[in-house]
Amino acid sequence: MAAARASLGRILPESSILFLCDMQEKFRPSIAYFPQIVSVAARMLKVARLLDVPVLLTEQYPQGLGPTVPELGAQGIQPVSKTCFSMVPSLQKELDRRSQLQSVLLCGIETQACILNTVLDLLDRGLQVHVVVDACSSRSQIDRLVALGRMRQSGAFLSTSESLILQLVRDATHPQFKEIQKIIKEPAPDSGLLGLFQGQNPLLLNSRP
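Next up, the structure:
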């Protein structure tokens, strides 16, 4: 199998992994569009399970911030506790043992904190990073916007959940396509992205390095 070209950002199920970052109870009242981003992350998780894409889940200081919210549907996945504002140190051993890994799909909170730091650490390891923009949010929409731009400047790919799902499945003849079609039949809920992208915001539309 030819390796995916980093410059194109192609993703293949057999060389990808889904990261779910810190979608916990105590964040529920403070994160903008929290129910919507959890809903989108949940459909990414459903697709990952259908396509046998591995999933890793973290919780930031769960003793104080509580468990992962049940509506994510991550029951059965053992969460990894962390205090670092990056998922990578806590998941180092998992990453090291996956020699075929090329692409990380990333959902969660907060965009300017754990998502941004995770992206930078993953890029530093030479991995492609695909930020699921409709499954990432922050308390502040300014922080969210600037962090998305910062990640793009550093070399991450910004994509919507449906775009990534269709890249993973690749072909309508895929044996799981009918099940995946059911998942994406309803559009992803509005998570405030239109307001961030309106006006051709230069933070998000500058050419990649």
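Following the working numbering from start to finish, the sequence shown increments by one per residue and tops out at 476. All C-beta atoms in this analysis are idealised placements derived from N, C-alpha and C, irrespective of residue type, glycine included. Small disclaimer: the values here were computed from a predicted structure and weren't measured.
As the crow flies, the alpha-carbon of C351 is around 8 angstroms from that of C381. Out of I284, F294, V336 and L332, the CA that lies nearest to the CA of M311 is found in I284. Note on the region 417-459: whole beta strand (DSSP E) runs with a minimum of 3 residues are 424-426, in chain order. If you draw a straight line from the Cα of S430 to the Cα of F444, it comes to about 14 angstroms. Runs of the beta strand (DSSP E) lying entirely within the region 311-360 and spanning at least 3 residues, in chain order: 322-327 and 347-349. Counting along the chain, D391 sits inside no beta strand (DSSP E); it lies in the alpha helix (DSSP H) bounded by residues L383 to D391.
Of the residues assessed, L275 falls on the exposed side of the cut-off, its CB having fewer than 16 other CB atoms within 10 angstroms. In this structure, Y300 sits near S404, with a CB-CB distance shorter than 9 angstroms.
Around the beta carbon of T440, fewer than 16 other beta carbons sit within 10 angstroms, so the residue counts as exposed. By the Cβ rule, the region 287-303 counts as touching the region 328-340, because three or more pairs are nearer than 8 angstroms.
Closest in C-alpha terms to V399, from the list L389, Q408, R419 and S428, comes S428. Between V320 and L358, the gap from beta carbon to beta carbon reaches 9 angstroms or more.
With a cutoff of 9 angstroms on beta-carbon distance, G416 and L390 are scored as not near each other. Around K313, the same chain offers I450 as residues with beta carbons nearer than 6 angstroms, after the five sequence neighbours per side are excluded. Closest in C-alpha terms to Q342, from the list A455, R316 and L387, comes R316. Distance from the CA atom of I409 to the CA atom of S426, rounded to whole angstroms, is 19 angstroms. As a beta-bridge residue in DSSP terms, L285 pairs with V322 and L372. By alpha-carbon distance to P346, the top candidate from P442, I447, V322 and P280 is V322.
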